[in-house]
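Below you'll find the structure, written out as structure tokens, and then a few comments.
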Amino acid sequence: RHDFEQQGFEWIDCNDVQQSVLCFQRKHGHSHLIIVLNFTPMVREDYHIGVPQNGVYREIFNSDSHYYAGTNTGNGNVQTTDEPWMNQTHSLKLTLPPLGAIILKI
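For our numbering, count along the sequence shown from 1 and bump the result up by 1090.
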């Protein structure tokens, strides 16, 4: 929904050129998907991103999953902290797989 409309997309961070990571959210009402892309061959531990809602985010896609012949580097479920980050009200610390993409859903 809202694939081609401004209200369906919001950057979280598109400026992390040092670590080659992009993160954004896809939105529909109160439903959010958080997409994080790591363009380097290095695992990123404790990668800090901002998120719009408090709660437990569940990793619903990981391109480094064993299912795709990957190493299964990922997160499972991640609890937010109340620390505002990147113009968002809450934040998460994530493990980013190398040359990978993850999608989180609350």
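The C-beta atom is built at its ideal place from N, Cα and C for all residues, glycine as well.
Limits of the beta strand (DSSP E) - the one that residue i falls within
i: Y1147; result: V1146 to N1152
i: L1123; result: S1121 to N1128
i: V1133; result: Careful: V1133 lies outside any beta strand (DSSP E) and carries neither H nor E.
i: Q1115; result: V1111 to H1118
i: N1167; result: N1167 to Q1169
i: A1191; result: G1190 to K1195
Residues near residue i in its chain [Cβ-Cβ closer than 6 Å; skip 5 each side]
i: C1113; result: I1102, D1103, V1126 and I1139
i: E1100; result: Q1115
i: V1168; result: Y1147 and L1182
Where residue i falls, given that 16 or more other Cβ within 10 Å makes a residue buried
i: N1152; result: buried
i: N1128; result: buried
i: P1187; result: buried
Chain-order list of residues whose beta-carbon lies under 7 Å from that of residue i (same chain, five-residue window excluded)
i: M1176; result: I1102, D1103, I1139 and G1140
i: E1135; result: T1185
Identity of the residues DSSP links to residue i by a beta bridge
i: D1106; result: V1111
i: G1140; result: S1181
i: E1100; result: Q1115
Chain-order list of residues whose beta-carbon lies under 8 Å from that of residue i (same chain, five-residue window excluded)
i: G1164; result: E1149, N1152, D1154, S1155, T1185, P1187 and I1192
Check whether the segment 1186–1196 touches the segment 1124–1131, counting contact only when three or more Cβ pairs, one atom from each stretch, lie closer than 8 Å. yes
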